[in-house]
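Step one of this worksheet: look at the structure below.
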Amino acid sequence: MPPHAAAAPSAGSTQDELAGHRRRRTLRSAGLGLAAAAGLALAFALGTGTATDTTTTVAQQPRTITEERTVPDTSLPGSQEKTVTLRGAGVRAQAQVNVTGPGRVVSVKSTSVAEVPKGTYYELWFVGPGDTPGSPNRIPAGTWHPDKRGITDVRFLIAADPMIFPEIEVTKEPPDGNPASSGDVALRSN
724 MPPHAAAAPS AGSTQDELAG HRRRRTLRSA GLGLAAAAGL ALAFALGTGT
774 ATDTTTTVAQ QPRTITEERT VPDTSLPGSQ EKTVTLRGAG VRAQAQVNVT
824 GPGRVVSVKS TSVAEVPKGT YYELWFVGPG DTPGSPNRIP AGTWHPDKRG
874 ITDVRFLIAA DPMIFPEIEV TKEPPDGNPA SSGDVALRSN
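Listed below in structure tokens is the structure:
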């Protein structure tokens, strides 16, 4: 027999090899299962705050608001940054608008936005010319609740073209599931 030729396996050795493969595969599967269970147990323990947990929860942290600010890419054509005052009945808010490319990031801050009833929320809209209740010309950006002290500090990212939707409006929205504006305007730019 030439040196590179392999001997044909006997029937007994093939059965033994198959049994060995099955045992290794079973042990490998069991090991992976144990590793996954250990990982889940660790994630659960870290997420639930066990007795050995030394992390600080949000309630334990000092009540300090720090602003994380992203500088807009002013190298893009038409990029700009401006501050807009939003006004309503006895309420003022500042909106920092960073226009970048086809959209914008709006950060709204206020210390006087009234708390709304449970289930009700504020919704920020980008509004275009000619917007009326019968013929809306607006894009929703997002919703929020101020805290019990009237403090608002929220940020929205939207791709609405600022040339088409130049104004900002904030409405109070009921929990009715209707995506249209309620028309109850709380704040408005311009």
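Numbering-wise, the numbering used here comes out as the position in the sequence shown, counting from 1, plus 723. Glycine residues also receive a C-beta, built at the ideal position from the N, C-alpha and C atoms.
The beta carbon of residue 809 sits closer than 6 Å to the beta carbons of 816, 818, 910, 912 from its chain, once the five residues preceding and following it are set aside; these are given in chain order. Taking all protein chains shown into account, residue 846 has 16 or more neighbouring C-beta atoms within 10 Å of its C-beta and is therefore buried. Residue 841 and residue 812 have their alpha carbons spaced roughly 21 Å apart.
DSSP places residue 889 outside both helix and strand once states are collapsed to three, so it counts as coil. Residue burial is scored here from C-beta neighbours: residue 881 has at least 16 other C-beta atoms within 10 angstroms and is therefore classed as buried.
In the structure shown, residue 871 falls within a coil segment according to DSSP collapsed to helix, strand and coil. Inter-residue distance for residue 876 and residue 902 is about 23 Å (C-alpha atoms, whole angstroms).
In the three-state DSSP reduction, residue 882 falls in the coil class, being neither helix nor strand.
Cβ-Cβ distances below 7 Å link residue 853 to 860 in the same chain, with the five nearest sequence neighbours on each side left out; the list follows chain order. Contact check for residue 820 and residue 829: beta-carbon distance about 5 Å, within the 8 Å limit, so the pair qualifies. Here the alpha carbons of residue 907 and residue 894 stand approximately 5 Å from one another. Residue 837 and residue 871 have their C-alpha atoms spaced approximately 8 Å apart. In this structure, DSSP gives residue 836 a state outside helix and strand, which the three-state scheme calls coil. Straight-line measurement puts the Cα of residue 807 at about 17 Å from the Cα of residue 883. A distance below 8 Å separates the beta carbons of residue 905 and residue 896.
With respect to residue 851, residue 888 sits close: the two C-beta atoms are nearer than 8 Å.
A direct Cα-Cα distance of roughly 6 Å separates residue 804 from residue 822.
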